[in-house]
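Written below as structure tokens is the structure these notes are about.
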Amino acid sequence: MNVRRIVASLLTATLVLVLPKAAIPQGFAGLGSTADSFAIPHPGGRLAFPADHGPHPDFRIEWWYATANLQAEDGTVFGVQWTLFRSALAPRTDSGWLDPQIWMGHAAITTKDKHFVAERLARGGVGQAGVAAEPFFAWIDDWEMKGLPHSGADQLDKVSLHATGKDFSYTLELSANGPLVLQGDQGYSVKSAEGQASYYYSQPFYEVSGSVDIGGKTVRVRGKAWLDREWSSQPLAKDQTGWEWFSLHLNSGEKVMAFRLRDARGGYTSANWISPKGKPNPLPVGSLEITPVRIARVGNKDIPVAWRVQIPARGFDVTTRPLNDQAWMATTTPYWEGPVTFEGSAKGLGYLEMTGY
Amino acid sequence: MLWTAATALLSHWRRRPLQLATLVLGLSLATALWSGVQAINAEARASYARASSVLDQKELTQLVPRRGDSIPQGTYTKLRRAGWNVSPVIEGDHRIGNTRVRLIGIDPLTMPAKAGGFETGDTSDLTAFMSQPGVLIVSQGTALKLKSHTRMQLQISPDMPDGAAFTDIGIAESVLKRRGELSRLLVAVEQRPDLPSLGTLAPEIALKEPGDRPDVAQLTDSFHLNLTAFGFLAFVVGLFIVYATVGLAFEQRRATFRTLRSLGLPLSSLTLLLVTELLVLAFVAGVVGVVIGYVVASLLLPDVAATLQGLYGASVPSSLSIRPSWWATGIAMAIAGTIVSSAESLWRVRSMPLLTAAQPRAWLRATTVGIRLQLAVGLLLLIMSGALATFGHGLMVGFAVLGCLLLGAALMLPGVLSACLAVLQKRSSRALVTWFWADTRQQLPGLSLALMALLLALAANVGVGTMVSSFRLTFIGWLDQRLAAELYVMARDESEASRLRAWLPARSTSVLPIWSVTGEVLGDRLEIFGAAADDPTYRDNWPLLSGTVDVWDRIAAGRGVLVNEQFWRRKGLGIGTGLVLPGGWEVPIVGVYSDYGNPKGQVIVGIDALAAHYPQVSKLRYGVRVPPADAAGLKERLTSEFGLPAENVIDQTTLKRQSRAVFDRTFVVTGALNAFTLGVAGFAMFSSLLTLSGIRLPQLAPVWAMGIRRRDLALLEVLRTLALWLATFIAAVPVGLALAWVLLSIVNVEAFGWRLPMRIFPMDWLILAIVALAAAIVSIFVPLRRLATIAPSDLLRVFANER
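For the record, the sequence lines run as chains A and B. Sequential numbering of the first sequence, starting at 1, is according to this note's numbering. Sequential numbering of the second sequence, starting at 358, is according to this note's numbering.
Next comes the structure, spelled out in structure tokens:
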């Protein structure tokens, strides 16, 4: 008998909006292809920076999504996630408690045998959470993603990342050695055959250094990180039930973004082959094939944690292995998110996100 | 053998069904009142706990402002940004239609998991909850009252207490006009380990540890203690019955014991049989008692609920839920009571020489030895009671004074009566009269327990009656002073109120605003009223207990504050003490006024000062002074001409009648408990007389043999009983008055926060005397009939075969 229960019921009813990545869209009123009075992405809409690093309150949903594959000096491997979601109840902002912009933070550290998760919720209007484009600053409570003085062209070239949970915290510095990458068609990323879409760009070229703290023990780490920025008002098509989403750092310096949205007709796939210099090569729909290799019992669910990922057009055929099968994000809207390594036609590491299980 | 012995022992009850009935009924009644009271208390406490866990989140640490009644929104943000897991609350009273609702604005996004709360039936929508016009989560009862008075969506939650509503903090902020002002912050249990300290971060707020008990539970403690005391009194009175009956039943069965033992039944088996018998009886009586208790509690609970609502503003459901723990304690009390009151008899069976004869008479006389000891102990208790009353403080001391007083007086009663009877016996010259007094005195030990029970019941009646009547008289006098305005009107909204302010002056002698804000003063949430202190209404009528000479001038000038008696006593304030009001405004106390029927503290400031310091004050209510003859006319015009709904205009007479009705309802419970206790005492008397009548033949037979007719013997019995009742009644009056004094001067001050002058109501005593007399006559009826119709042969047999 506690407020949390009503809150939980309220949140699951609404905050799935925030996480279309994790949404099961059936049954949620108004979540079809219509976007009420919210703005919707258009093909050919040009992204402009630094303004587009900031929030787009006239869109229903948005996120600043960073994942990092890290390693300590002794070889111990870590995965780190820092995410700030924005979900608007109405397409406007307001100062004070009646601001309809809701913010949600997810942070996680994954090790070989442990997975730490924390979640924060806040509403805009009172300064508890928000994002400013210039100088870049995204925060919720004491979690921050903050633009640092940089020599590069973009606000996001150098950022610090900080989050704390009950038994963990991390402070990282991310420096980009490549440009921002627009996904889809110049940042217009189609999500279904019916035309649901989002604005989507990434910064996949971060080199990371910093420290992670688990249970009071601090470890210096280095590694690679990937930032996804996406906003939309049309989450998923009616029959889409979830997705698998890969962000892969190839040892060659190339990057691969690939996702499959599951539906009754074999799914909708999309992939982008990014050159080491940051040149995007969006591949045609249907270029990607993914097949589960191993199913693991996670909580009371069966989750395919290892995958064969094939992009025949690029001769790419690898199998991903998770660092930890149990990388389950037990948050308001639960999903699987964890670091992976892959072998096959290429080697490397990255992150896998799976929703709708 | 064991079975045969058991049937032999049980046959006693078959031959004396009345004795069995007395035992079971006595114990049942005692248990009934005790468990009834416990049921009521348990229900009330459960409801406080529920309300508190839902509304106050008492189990959580909270952050509250050090001064004033609000925390800036920026402080919240600062704390969150520093990693503190806190959640904001904006709360306040809000009037919707004619209903005042405690509005609690929460932030569902940061609400800690441990916060007590509520469940929603259907899956609600955060969008609706967090957007205009908002959602109110309320109880069924509150929903009915608010329906059609608000645009907000009403959502019913079974866990919500009446009169309160949860809503989103944004909605609460705009409805309560507390822009950016938070009432308090809830601190989640789970926090980051290395939090920056509160002192450096936000020195303007203070940490408040989780309160272990709800405020309202503390407030109503004394009331429940009162009930418990009554229940316990009745229980003790009931145990007197059990003690007497069990003792007699054992004594009468001595011959059986002797026979059984002679036939070879071991002592241990006999004891086992007797203990089993008692336990079974106690269990049965306990179950019957708890059932009666449940009925009693269900009958009383609506009144108790009304009392708690009236006196403390505590909301308690008027229906009873059955709790297993309450069954268990009721039955346990019955069994424990039986064991306590029959321990002595059991012990005697164990230590009894095998072949002694049954001596019911001697058994009774043996208790005489105790009378002197009782007298001494009783005197000691009375002295202790006096000493406690003089030197002690606090509610528990008050009840200790009560306990010592009642118990001391009861213990002394047989001794005092015995002494009086001895004097009467010496001074009488006629043989029959001398015999009459001597015989009465001889009977005293057998009746003493019943008489003591009677004394307790009568004294409680006189005492509580005096307290209630004194209270009532004072209260009504105070109401007459306080409700001086002829009409009380309430506008429905601000614009109507401003029209009213323009409309009324031309049609009345004066218009007195009744405006108030709620805020925290000295750590208590209380109402701050404004008074138009320039108006003669206040100067002439407002009942002040003490104050400076120029009190009203200082109030009018905004240079002083009045506090009510309960707040004054609770906080130990004095005239001249500075009081910090919400918003950090400090004013000296210039006077104290009596404020009966209000559980909470209250302060009054000048109306201009109130409006200046709290511009958001709701200006809807007014008292209107008109010549009394014009009141009805103005009331009519207010509804027909001005257009106020009839229920928003109340005249003085109606208001006084309503207040009196609330008051009277308040003490219905006390009256009922009083009557019950008297009933149990009457039953104790009845059972004692019945017992005696069965074993008194040896005393009466010789008198009859000397020529006194049976009819005259019966008449003498009536006289004797009446004499004893009268004596007890006379003794009960001073004890009752002492009780009333303790209640008025010690217990009430602690319980309610006000002291009342004691008034004496001899007419009430007369009524009580008549009721008591009637009870006496009823109680003697059965024994008397037995005596008057006894066959001469039975009387003769006394000489033939007794022993």
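Ideal Cβ positions, reconstructed from N, Cα and C, are used throughout, including at glycine.
Inter-residue spacing [alpha-carbon to alpha-carbon] between Ala401 (chain B) and Ala662 (chain B): 8 Å
Near-chain B residues of the segment 157 to 178 of chain A - C-beta to any C-beta below 7 Å: Thr164 and Lys166
DSSP-derived helix/strand/coil call for His249 (chain A): strand
Enclosing beta strand (DSSP E) for Val974 (chain B) [first to last residue]: First-last for Val974 (chain B): undefined, no H or E at that position.
Beta-carbon proximity list for Val908 (chain B), same chain, < 8 Å, skipping 5 on both sides: Leu901, Gly917, Leu919, Val947 and Gly948
Closer than 8 Å to chain A by CB, Ile319 (chain B): Because chain B in this structure spans residues 358 to 1160, residue 319 (chain B) falls outside the shown range and cannot be described.
Rounded Cβ spacing between Val159 (chain A) and Gly147 (chain A) (contact assumed at less than 8 Å): 6 Å
Inter-stretch contact (C-beta, 8 Å, three-pair minimum) for the segment 387 to 406 of chain B and the segment 278 to 291 of chain A: no
One or two residues paired with Pro282 (chain A) in a DSSP bridge: A:Asn272
For Thr434 (chain B), the first and last residue of its enclosing alpha helix (DSSP H): Gln430 to Arg438
Among B:Trp899, B:Glu922, B:Ile1127 and B:Leu605, nearest to Ile912 (chain B) - alpha-carbon criterion: B:Trp899
Chain B contacts made by the segment 84 to 108 of chain A, where a contact means CB separation under 9 Å: Leu89, Ala90, Asp94, Gly96, Trp97, Leu98, Asp99, Pro100, Ile102, Trp103 and Met104
Trp942 (chain B) - partner residues in DSSP beta bridges: B:Leu938
Limits of the unbroken beta strand (DSSP E) element including His106 (chain A): Gln101 to Thr110
Inter-stretch contact at 8 Å, needing at least 3 Cβ pairs: the segment 83 to 97 of chain A / the segment 53 to 61 of chain A: yes
Contact set for His106 (chain A): own chain, Cβ-Cβ below 7 Å, skip 5 residues either direction: Gln81, Thr83, Glu119, Met329 and Thr331
Selected residue, minimal CA-CA separation from Ile1117 (chain B), among B:Ser855, B:Leu1125, B:Gly1110 and B:Ala1097: B:Ala1097
Proximal residues to Ser903 (chain B) (C-beta, below 6 Å), its chain only, five neighbours per side dropped: Val949
7 Å CB neighbourhood of Thr485 (chain B) in its chain, flanking five on each side removed: It should be noted that the sequence gives Ala, not Thr, for residue 485 (chain B). For Ala485 (chain B), where only same-chain residues beyond five positions count, the Cβ hits under 7 Å are Val492 and Gln510.
Short CB-CB distance (under 8 Å) between Gly440 (chain B) and chain A: yes
First and last residue of the uninterrupted alpha helix (DSSP H) at Thr791 (chain B): Ala788 to Arg839
Beta-carbon neighbours of Ile526 (chain B), restricted to chain A and to distances below 7 Å: Trp97
Exposure of Phe1156 (chain B), with buried meaning 16 or more beta-carbon neighbours within 10 Å: exposed
Candidates B:Ser496, B:Asp464, B:Leu584 and B:Thr524: closest to Asn1031 (chain B) by CA position: B:Leu584
Closer than 8 Å to chain A by CB, Glu530 (chain B): yes
Residue environment, His42 (chain A), which counts as buried when at least 16 other CB atoms sit within 10 Å: exposed
Cross-chain neighbours of Gly127 (chain A) in chain B, by beta carbon under 7 Å: Thr434
Residue span of the beta strand (DSSP E) that contains Met1225 (chain B), given as start and end: Outside the shown range of chain B (358 to 1160) lies residue 1225 (chain B), about which nothing can therefore be said.
Proximity of Leu812 (chain B) and Ala746 (chain B) at Cβ, strictly below 8 Å: no
Selection from B:Val944, B:Val1060, B:Arg437 and B:Gly537 that minimises the alpha carbon distance to Leu121 (chain A): B:Arg437
Cutoff 8 Å: Arg123 (chain A) Cβ touching any chain B Cβ: yes
Closer than 8 Å to chain E by CB, Leu466 (chain B): The chain labelled as chain E is not found among the protein chains of the depicted structure, namely A and B.
Rounded C-alpha distance that separates Gly749 (chain B) from Gly755 (chain B): 8 Å
Contact with chain B by Asp142 (chain A), beta-carbon distance below 8 Å: yes
Pair within 8 Å by beta-carbon distance, Glu353 (chain A) and Trp245 (chain A): yes
Which of helix, strand or coil DSSP assigns to Asp1121 (chain B): helix
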